[in-house]
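As structure tokens, the structure follows; a few thoughts come after it.
There are 2 protein chains.
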Amino acid sequence: MVTLAQVARHAGVSPSTVSYVISGKRSISQDTRLRVERSIAELGYHPHAGARALASNRSNVIALMIPLRTDMFVPVMMEIAIAITTTARRYAHDVLLLTSEEGPSAVKRIAGSGLADAMILMDVELEDERIPLLRQTGAAAALIGLPADPTGLTCVDLDFEATGRLAADHLADLGHREVALIGAAESVYRRHTGFAERTLAGFRQQASARGLSYLHRPCGNGHEAASGTLSRILEERPHTTGFVVQNETALPHLLSQLRQSGRAVPEDVSVVAICPDDVALHSAPQLTSVSIPAQEMGRRAVELVMAQAAGQQTSGLTLLGPTLTVRESSGPAPQIS
Amino acid sequence: MVTLAQVARHAGVSPSTVSYVISGKRSISQDTRLRVERSIAELGYHPHAGARALASNRSNVIALMIPLRTDMFVPVMMEIAIAITTTARRYAHDVLLLTSEEGPSAVKRIAGSGLADAMILMDVELEDERIPLLRQTGAAAALIGLPADPTGLTCVDLDFEATGRLAADHLADLGHREVALIGAAESVYRRHTGFAERTLAGFRQQASARGLSYLHRPCGNGHEAASGTLSRILEERPHTTGFVVQNETALPHLLSQLRQSGRAVPEDVSVVAICPDDVALHSAPQLTSVSIPAQEMGRRAVELVMAQAAGQQTSGLTLLGPTLTVRESSGPAPQIS
DNA sequence: TTGAAAGCGCTAACAT
DNA sequence: ATGTTAGCGCTTTCAA
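Going down the list, the sequences are from chains W and P.
Residues 1 to 337 (UniProt numbering) are what the first sequence spells out, left to right.
Residues 1 to 337 (UniProt numbering) are what the second sequence spells out, left to right.
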């Protein structure tokens, strides 16, 4: 291991000078800076992370807690995680990956060990057990998702209520009168992950406002679940012509099922998906969708915790406005024959 | 922050004693141990990670380098990452997440900064740029995947050649004579990620040995790509009755396309998937498949790097034997009419 | 079975 | 603009 002291010797300066060249915390003459930088490069020096953390009381690490669950759409989580990691690097930070397996005590461990100087929590539940600890330790943190009481917390999420409203509006605008929301797996609702319920609330509200009759059904993963849910909806309300789907894994099954049942998209029924853009683009037909801005959510979360670590107050909600992109899967409601 | 010194004072012992109680590196009287442990619990003490890393020259962190690519099946990556994280915790280690965005230099940074005491690399290419650095730094490391020259490296992977052979054998056993391998996206082959080519090699070898005529086609993501690939195969070889599919995202599209083209599975054509079990189970019909043992790969990788960090020599390949599970998608070849 | 004390490599006052 | 130096909290000899 190359140490700072070795660099100092090699460059013919004092250790502190090397430190200051690296941190830029005081002005250095052009000449010394160059000599030091050359020595660093020549020796292949990298500061020892532990020593730095010990001396500076900052670890330059962000802890990211991801869920273990299997009922969430994994690619979105991954995209957020990657956005967090690449954004963190821009702030010279690394990301420590924690799973919820360890439970709420992970929050204590991280806060207590100086392993990370900020945390980002994903898949936040309405009454999340980690939140009291977060409040108590006062650690810099951002949540991706919305708990029941976000007071004093920093949260980032898509505005799912507006998303539900937007989708309902789009279908109403196209003249649909009977619509259905095909949602996430039942387990998601049962554990009160906020996003599913918020979408439903927004959807209901706007469907009512626009005089639509609507139905809501959770939907599990897999072909079985998807086609079952769909056929039960169609049995109950055969004249349903508009579907909002908030379940990425069910989408291909749903589409193939609609085709099989002789309903053409978008001539007979319209489909609005709530999903990442690439899923919408890779479906046939390409889906009208409200996109999940995974990258931006990750980026924002990092920016917020970095601002906190720099001493700023950031508490409050960052609700990203939904955008609906019209593609091939939605069209005017069929004339009543 | 609670420090070890505070714990020592609280328990009425010396700092070193507290340290030894924690590490278990020397025997402590029942009495002292209990007092110290109570103090630790009472004060909510957690060792400072940086200080510990500095003093012990071990960070208790494993670095995990994941790819940024979008052409891999994300859930498998995620499952491996999670298995690595939970297994690491069993060794009292945490996981640092790095993306390949930073490039090969990330290897240098990690090795040089003491940030991690071992690394696990995913999505290894045949001529991976990170490998020379790995050899050069001599860092404890495990690769998930197989490079062209694994000499001196520790690698974990599914035995994809055996997988290809196994799939070909299964179809041959069922009497199929014309078969096709629908593979990963072309980009995967182009960049010479080993697994796709190894599957193909095994498949070819055994198909030849069993006297099958075979075809191989890469297949992109999305409905468009999947149905295009399938119809081109059927155009070229209309009597193809056996398919091996190594492309999780294409599977639902392929199945719905087969149905649409009037081919029943498994009566008219058989499908063998190479995919995680849950994907096989959530398809309709449930798929005969060779499973991707994501969890085991992650677990093994951690065990191997931990053994290395403990000074053992582990270099060599760990190729997990494939298992084929017969489900509903494969059956006897139809009689030639 | 326990204590005392010397660092680990860095940062950040405090000097000049 | 640069150097000196006192820790940061822990591990681990060396001593008892």
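Just so it is clear, CB atoms sit at the ideal spot from N, CA and C, and this is done for glycine as well.
| query | result |
| --- | --- |
| Any chance you could list the beta strand (DSSP E) runs of at least 3 consecutive residues sitting entirely within the segment 244-278 of chain W, in chain order? | 270-274 |
| Excluding the 5 residues flanking alanine 5 of chain W on each side, which residues of the same chain have their C-beta closer than 7 Å to its C-beta? | Pro15 |
| What would DSSP say about leucine 115 of chain W, mapped onto helix, strand or coil? | coil |
| Can you tell me whether DSSP reads residue 338 of chain P as helix, strand or coil? | Residue 338 of chain P lies beyond the range of chain P shown here (1 to 337); nothing can be said about it. |
| Suppose the cutoff is 8 Å on Cβ atoms and the five residues either side in sequence are ignored; what does the same chain contact list for glycine 331 of chain P look like? | Leu174, Pro266, Glu267 and Ser270 |
| List, in chain order, every chain P residue whose beta-carbon is nearer than 8 Å to that of glutamate 123 of chain W. | The residue you asked about is not glutamate; residue 123 of chain W is aspartate in the sequence shown. Going along chain P, no residue has its Cβ under 8 Å from aspartate 123 of chain W, so there is no contact; the nearest lies around 13 Å. |
| Taking beta-carbon pairs under 8 Å, can you tell me which members of the segment 79-92 of chain W lie near chain P? | Ala81, Ile82, Thr85, Thr86 and Arg89 |
| Run through chain P and tell me which residues come within less than 7 Å of aspartate 268 of chain W, C-beta to C-beta. | The premise fails here: aspartate 268 of chain W is roughly 17 Å from chain P at the closest Cβ pair, so nothing lies under 7 Å. |
| Consult DSSP for glycine 242 of chain W and reduce its assignment to one of helix, strand or coil. | strand |
| Compare the C-beta of alanine 307 of chain W against all C-beta atoms of chain P and say whether one is closer than 8 Å. | no |
| Give a yes or no on whether the minimum CB-CB distance between aspartate 117 of chain P and chain W is below 8 Å. | no |
| Does serine 213 of chain W come out as helix, strand or coil in the three-state DSSP assignment? | strand |
| Who are the Cβ neighbours of alanine 250 of chain W in its own chain at under 6 Å, not counting the five residues just before and after it? | Cys219 and Ala226 |
| If you count every other CB in all the chains shown that lies within 10 Å of the CB of threonine 241 of chain W, and 16 or more means buried, which is it? | buried |
| Let me know the secondary structure DSSP gives valine 179 of chain W once reduced to three states. | strand |
| Excluding the 5 residues flanking threonine 86 of chain W on each side, which residues of the same chain have their C-beta closer than 6 Å to its C-beta? | none |
| What number of angstroms, rounded off, separates the C-alpha of histidine 216 of chain P from the C-alpha of glutamine 313 of chain P? | 39 Å |
| Quick one: grab the DSSP three-state call for methionine 78 of chain P. | helix |
| So, using beta-carbon positions, are isoleucine 84 of chain W and valine 272 of chain W closer together than 8 Å? | no |
| For alanine 207 of chain W, count neighbouring C-beta atoms within 10 Å of its own C-beta (all shown protein chains included) and say buried if the count is 16 or more, exposed if not. | buried |
| What three-state label does DSSP hand glycine 103 of chain P in the structure shown? | coil |
| Is the distance from the Cβ of proline 147 of chain W to the Cβ of valine 124 of chain W below 8 Å? | yes |
| Can you tell which of P:Ala307, P:Asp159 and P:Pro285 has its C-alpha closest to the C-alpha of proline 293 of chain P? | P:Asp159 |
| Under a three-way DSSP split, which group does threonine 193 of chain P fall into? | strand |
| Pairing CB atoms from the segment 53-60 of chain W with CB atoms from the segment 24-43 of chain W, are three or more of them under 8 Å? | no |
| Counting only runs of 3+ residues fully inside the segment 45-100 of chain P, write out the beta strand (DSSP E) ranges in chain order. | 61-66 and 94-99 |
| Taking contact to mean 3 or more Cβ pairs, one atom from each stretch, closer than 8 Å, check whether the segment 283-297 of chain P and the segment 75-84 of chain P are in contact. | yes |
| Mark arginine 52 of chain W as exposed unless 16 or more other C-beta atoms lie within 10 angstroms of its C-beta, in which case mark it buried. | buried |
| So, does the segment 140-155 of chain W touch the segment 190-198 of chain W, judging by three or more C-beta pairs under 8 Å? | yes |
| Name the two residues that bound the continuous alpha helix (DSSP H) containing isoleucine 28 of chain W. | Here isoleucine 28 of chain W belongs to no alpha helix (DSSP H), and DSSP marks it neither H nor E. |
| Quick one: list the residues of chain W neighbouring proline 75 of chain P, beta-carbon separation under 8 Å, in chain order. | Val74 and Pro75 |
| Counting Cβ pairs closer than 8 Å, one from the segment 127-141 of chain W and one from the segment 162-179 of chain W, do we hit at least three? | no |
| Taking just the CA atoms, how far does valine 95 of chain W sit from alanine 185 of chain P? | 30 Å |
| Please classify aspartate 157 of chain P as buried or exposed, where buried requires at least 16 neighbouring CB atoms within 10 angstroms. | buried |
| Can you pull the chain P neighbours of proline 47 of chain W, defined as C-beta to C-beta under 8 Å? | Ser113 |
| Would you mind reading off the limits of the alpha helix (DSSP H) that contains valine 7 of chain P? | 4-11 |
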